[in-house]
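Enquirer: Here the protein sequences come in this chain order: X and U. Mind the numbering: the first sequence is residues 1 to 415 in my numbering, read in order. Mind the numbering: the second sequence is residues 1001 to 1415 in my numbering, read in order. Supplied in structure tokens, the structure appears directly below.
Number of protein chains: 2
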Amino acid sequence: MYPSLKINSARIWSNLMQLSKIGGTDDGGVNRQALTQKDFEAQELCIFWANQFGLSISHDPVGNLFFQLKGKDPSLPVVMSGSHLDTQPTGGKFDGAFGVLAGLEAVRAIIESGVSPRRGIEIVAWMNEEGSRFAPGMMGSETFAGLRTLESIKKMTDQYGVSVEEELKELEKRFSFSEKRLLGQEVFCFVEAHIEQGPILEREGFPVGVVTGIQGVRRMRVRVTGDEAHAGTTPYALRRDAIEEASRAIEKLYSIFSNDETTRFTVGRLILKPNVPSVVASEVLFSIDLRHPDSEKLAEAERRVRIVISDAMERCMHKVWCIAASDTVMFDERILQTIENVSKTLGIPSTRIFSGAGHDARQMAHCCPTGMIFVPSCDGISHNVNEYTSQDDIISGTTVLCNVLAQLANSLDLI
Amino acid sequence: MYPSLKINSARIWSNLMQLSKIGGTDDGGVNRQALTQKDFEAQELCIFWANQFGLSISHDPVGNLFFQLKGKDPSLPVVMSGSHLDTQPTGGKFDGAFGVLAGLEAVRAIIESGVSPRRGIEIVAWMNEEGSRFAPGMMGSETFAGLRTLESIKKMTDQYGVSVEEELKELEKRFSFSEKRLLGQEVFCFVEAHIEQGPILEREGFPVGVVTGIQGVRRMRVRVTGDEAHAGTTPYALRRDAIEEASRAIEKLYSIFSNDETTRFTVGRLILKPNVPSVVASEVLFSIDLRHPDSEKLAEAERRVRIVISDAMERCMHKVWCIAASDTVMFDERILQTIENVSKTLGIPSTRIFSGAGHDARQMAHCCPTGMIFVPSCDGISHNVNEYTSQDDIISGTTVLCNVLAQLANSLDLI
């Protein structure tokens, strides 16, 4: 067993707080959406820190940012860790940021211990995990893992019509000093640290969760099309009111799914036309986020969603797309056991936990043995300005990650 | 009886078509919202035309634009006519524009007939009738009529935070050549020409409607407040989902009111926070447009709306405001008879009709004897790019308006 490495407890916390000021909102939250100026500033701050301890910097064509510590044997595939720097518009200080900064702190602690690992270690900040500016998310990791093409990503636009391609050009200009690398590579294994975003670890009193897998998700988009009409004069018989019919569908879907605790159903976004008080709406476009731990049950729920929407329509037209579909992914048992053993050796209590939220690790599981480390979320709150993890838990999670990465980077094989 | 004046049939139509190009959209509609550059361009075009036949130009402090033909006796209060130049974002070529251009054409025909009327005639383009950029609408006429204060209007902002006050300063700069006048004045009577925006005149075969009154309206705003939460991890028991509860309320309201043909109920706008697919929504702000010809029944419907919304809330907080309330207004019988008699003399068939839509004339009825002239709307379509009135009907309506204005401007009293 590798000797227990110690991280700098004050540094990881103060770095997290400093990073949270970039895009920080008055209410204590963070709004740092993908490929915005704030996202670029966050990358610059991480690069500033990484330069202090000599990591090499590179970007791939999809805008993923990599920090590399070279290993003694450059012929061996690297151990990779990391998460994302982008947030939801109403995000908190920890989601994503923790995984990137924990990775950087882990590598710094390894360097400061004076021991050079056999394999290189790379810390990555994946581009656009959240998907709130450019939907759907996980763009960087999905493209790295070969699950989407760079060309398809580039075309995506935000609500103002700005494309990913334009913003990637901005990024390339701004980070012209960063080494350009090809998309994808052989990776020995991937371990992501992240906040739980649910209430289980806190409730059960474990500072570390060994994540067994991620539940499947369908991201759907529904368009309901009616006709614009004057709100004061048009008789109901002549109306095709997109808000009336969309709200009927959404109400019905919630009434079905909110009684079923294993299925998670959320309508989080509506875009309306023309969206003025005195005109009957001609179009409602709404999102559906649907999740279930069992891939077959998830497929069944998707079919049910389509039927309910179709039944709710009386005069409007409608169209339903599935814009992203991921089945449930189970992580590599060898990585899980490594995390468990390291936690035990360090005397940090851990428990196995299944992830309701999606993470970049889901994509990496398609490329290499993958696992995740969770730390508790206070009251289970996330995607919210009140997202919080205690400094003690941040330190425990970062310490486990550091020792897991060190052990994996010195392993020739996974056992 | 005043001799029958003839208008220039080609000119009124070609002016309407020319004006519709300002803010004209690719699909044949018009997007010329209040106090935008397009609104200013439309005012400039009307001023260009009015200058051709020597009307004097003035603006009041709330941005209403007036064109005046002086009367032989300047001590007599003027006859006023007009409508508005702003449109809905998905508006058509006729709503509002017809009333302003019909007024200008009427005055031009009076001038060209060589007869000077006893009273002055003023044609007005009221500021922000539609209320789609700055809600609620009817700002110009309401402030002119003393029903709202200039100060309260100035504070209103559009969705980008731009205030009416800022845009009024822009308008003042752009129209520095226009004479400044005080707010409000004594008016002898007001007659507005407008498209029907409903199917009755076309169905019954009348080119002219003599409008008896306007049905009452409540414009309400509802805020449903929940909590942001992660869509994948947060159990339903811990959620306060503003979209779930707002859609339940909206669905219930539609199910009640859409079976009652005398009440008009419309939810036309929703504004959501944070409005991203993977976050449970923390806020939905939605509009309600509620109308009924009977003021008591309308008040009852408003009470019912409040109860239904309150009953639909389970965990979210909510607040309901009434941001504009107008009871049903009945027009002056003497003006209605003048319009009827002029139509009869001209051989243009007319019928009495009640207006479901609100108009600036509603406010003017608080200041002076008021009436309206409707022309048919093809298929009753309005607030829609397909809004259409035939050239024949435009000519009939303008001819009636011209002769009504001439007769009123020569009257010492209404009989």
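The beta-carbon is built from N, C-alpha and C at its ideal position, and this holds for glycine as well.
Using a Cβ cut-off of 7 Å, pull out every chain X residue sitting near Arg1264/U, in sequence order please.
Expert: Ala231, Gly232, listed in chain order.
Enquirer: Can you grab the Cα-Cα spacing for the pair Met1001/U / Gly226/X, in whole Å?
Expert: Its pLDDT being 48, under 50, Met1001/U is placed unreliably by the model, and the measurement read from it follows with that caveat. In a straight line, the C-alpha of Met1001/U is about 49 Å away from that of Gly226/X.
Enquirer: Using beta carbons (cut-off 8 Å, strictly below), is Asn1128/U in contact with chain B?
Expert: Structure shown: chain B not included; protein chains present are X and U.
Enquirer: Roughly how far, in whole angstroms, is the beta-carbon of Glu1122/U from the beta-carbon of Met1156/U, given that I think they are within contact range, below 8 Å?
Expert: At roughly 26 Å, the Cβ-Cβ gap does not stay under 8 Å, so Glu1122/U and Met1156/U are not in contact.
Enquirer: Are the C-beta atoms of Met1/X and some chain U residue less than 8 Å apart?
Expert: At Met1/X, the pLDDT of 48 sits below 50, so the modelled position is not reliable; the number obtained from the coordinates is stated separately. Met1/X does not count as touching chain U.
Enquirer: Between which two residues does the alpha helix (DSSP H) harbouring Ile1335/U extend?
Expert: First-last of the alpha helix (DSSP H) with Ile1335/U: 1333-1346.
Enquirer: Going along chain X, which residues have a C-beta under 8 Å from Ile1195/U?
Expert: Under the 8 Å cutoff, chain X gives no residues; its nearest Cβ is about 10 Å from Ile1195/U.
Enquirer: Please compile the residues from chain X whose C-beta is within a distance smaller than 8 Å of the C-beta of Ile1353/U.
Expert: Here the premise fails: no neighbours, minimum Cβ distance about 11 Å.
Enquirer: Which residues, in chain order, does the stretch 1371-1399 of chain U contribute to contact with chain X at a C-beta distance below 8 Å?
Expert: Those would be Gly1380, Ile1381, Ser1382, His1383, Asn1384, Val1385, in chain order.
Enquirer: Using 8 Å as the limit for Cβ to Cβ distance, is Gln88/X near chain U?
Expert: Chain U contact via Cβ: present.
Enquirer: Roughly how far, in whole angstroms, is the beta-carbon of Ala409/X from the beta-carbon of Pro77/X, given that I think they are within contact range, below 8 Å?
Expert: At roughly 11 Å, the Cβ-Cβ gap does not stay under 8 Å, so Ala409/X and Pro77/X are not in contact.
Enquirer: Can you name the start and end residues of the beta strand (DSSP E) that Thr266/X belongs to?
Expert: Start and end: 264-266.
Enquirer: Hey, is Pro1235/U's beta-carbon within less than 8 Å of any beta-carbon in chain X?
Expert: For Pro1235/U, the answer is yes, since a Cβ of chain X falls inside 8 Å of its Cβ.
Enquirer: Roughly how many whole angstroms lie between the Cα atoms of Leu171/X and Phe40/X?
Expert: For Leu171/X and Phe40/X, the distance between alpha carbons rounds to 7 Å.
Enquirer: Which residue comes first and which comes last in the beta strand (DSSP E) that contains Ser81/X?
Expert: Start and end: 78-84.
Enquirer: Suppose only complete runs of 4+ residues qualify. What are the alpha helix (DSSP H) ranges in the stretch 1131-1194 of chain U, listed by chain order?
Expert: Those alpha helix (DSSP H) runs which fall completely within the stretch 1131-1194 of chain U and span 4+ residues are 1139-1144, 1150-1154, 1164-1174.
Enquirer: Helix, strand or coil: how does DSSP classify Asp289/X here?
Expert: Here Asp289/X sits in strand by DSSP.
Enquirer: Can you find a heavy atom of the ligand FMN that lies under 7 Å from the Cβ of Ser1390/U?
Expert: With respect to the ligand FMN, the structure shown offers nothing to examine, as it has no ligands at all.
Enquirer: Report the residue from Asn1064/U, Lys1006/U, Thr1351/U whose alpha carbon sits nearest the alpha carbon of Leu1183/U.
Expert: The residue with the shortest Cα to Cα distance from Leu1183/U is Asn1064/U.
Enquirer: Which runs of the beta strand (DSSP E), 3 residues or longer, sit entirely within the stretch 64-130 of chain X?
Expert: Segments of the beta strand (DSSP E) lying fully in the stretch 64-130 of chain X: 65-69, 78-84, 121-126.
Enquirer: For Gly358/X, which three-state DSSP category applies?
Expert: In this structure, Gly358/X counts as coil in the three-state DSSP scheme.
Enquirer: Which residues share a DSSP beta bridge with His318/X?
Expert: Val224/X.
Enquirer: Counting only the same chain and skipping the five closest in sequence on each side, list residues whose C-beta sits under 8 Å from that of Leu1016/U.
Expert: Cβ within range, chain order: Lys1093, Phe1094, Ala1097, Phe1098, Leu1101, Ile1394.
Enquirer: Considering only the beta carbon of each residue, do Thr1087/U and Arg1174/U sit closer than 8 Å?
Expert: Not a contact, by the Cβ cut-off of 8 Å.
Enquirer: Count the other CB atoms within 10 Å of the CB of Glu1204/U; is the residue buried (16 or more) or exposed (fewer)?
Expert: Looking at its Cβ environment, which holds fewer than 16 other Cβ atoms inside 10 Å, Glu1204/U is exposed.
Enquirer: Going by C-alpha to C-alpha distance, which of Ser1009/U, Asn1051/U, Glu1261/U, Ala1246/U sits closest to Ala237/X?
Expert: Ranking the options by Cα distance to Ala237/X, first place goes to Glu1261/U.
Enquirer: Can you tell me whether DSSP reads Met1/X as helix, strand or coil?
Expert: At Met1/X the pLDDT is 48, less than 50, meaning the model places this residue with poor confidence; the figure from the coordinates comes in the next sentence. Three-state result, Met1/X: coil.
Enquirer: Which of helix, strand or coil does DSSP assign to Phe1048/U?
Expert: Helix, per DSSP.
Enquirer: What does DSSP give as the partner residue(s) for Gly1213/U in the beta ladder?
Expert: Looking at the DSSP assignment, Gly1213/U forms a beta bridge with Met1330/U, Phe1354/U.
Enquirer: In terms of residue numbering, what span does the beta strand (DSSP E) encompassing Gly371/X cover?
Expert: Start and end: 370-375.
Enquirer: Just to confirm, is the Cβ distance from Phe1331/U to Thr1149/U under 8 Å?
Expert: Contact: no.
Enquirer: Taking only the alpha-carbon atoms, compute the straight-line gap between Gly161/X and Trp1013/U and give it to the nearest angstrom.
Expert: Approximately 37 Å between the Cα atoms of the pair.
Enquirer: When you compare the CB of Ser247/X with every CB in chain U, is at least one pair closer than 8 Å?
Expert: True, the Cβ-Cβ gap to chain U drops below 8 Å.
Enquirer: Select from Val342/X, Cys322/X, Ala231/X the residue whose C-alpha is nearest the C-alpha of Gly1356/U.
Expert: Of Val342/X, Cys322/X, Ala231/X, the residue nearest in Cα terms is Ala231/X.
Enquirer: Report yes if the CB atom of Gly1358/U is closer than 8 Å to the CB atom of Met1138/U, and no otherwise.
Expert: It is a contact, given that the beta carbons lie within the stated cut-off.
Enquirer: Just tell me which of Arg239/X, Ser258/X, Gly268/X, Ile256/X has its CA closest to the CA of Ile1243/U.
Expert: It is Gly268/X whose Cα lies nearest to the Cα of Ile1243/U.
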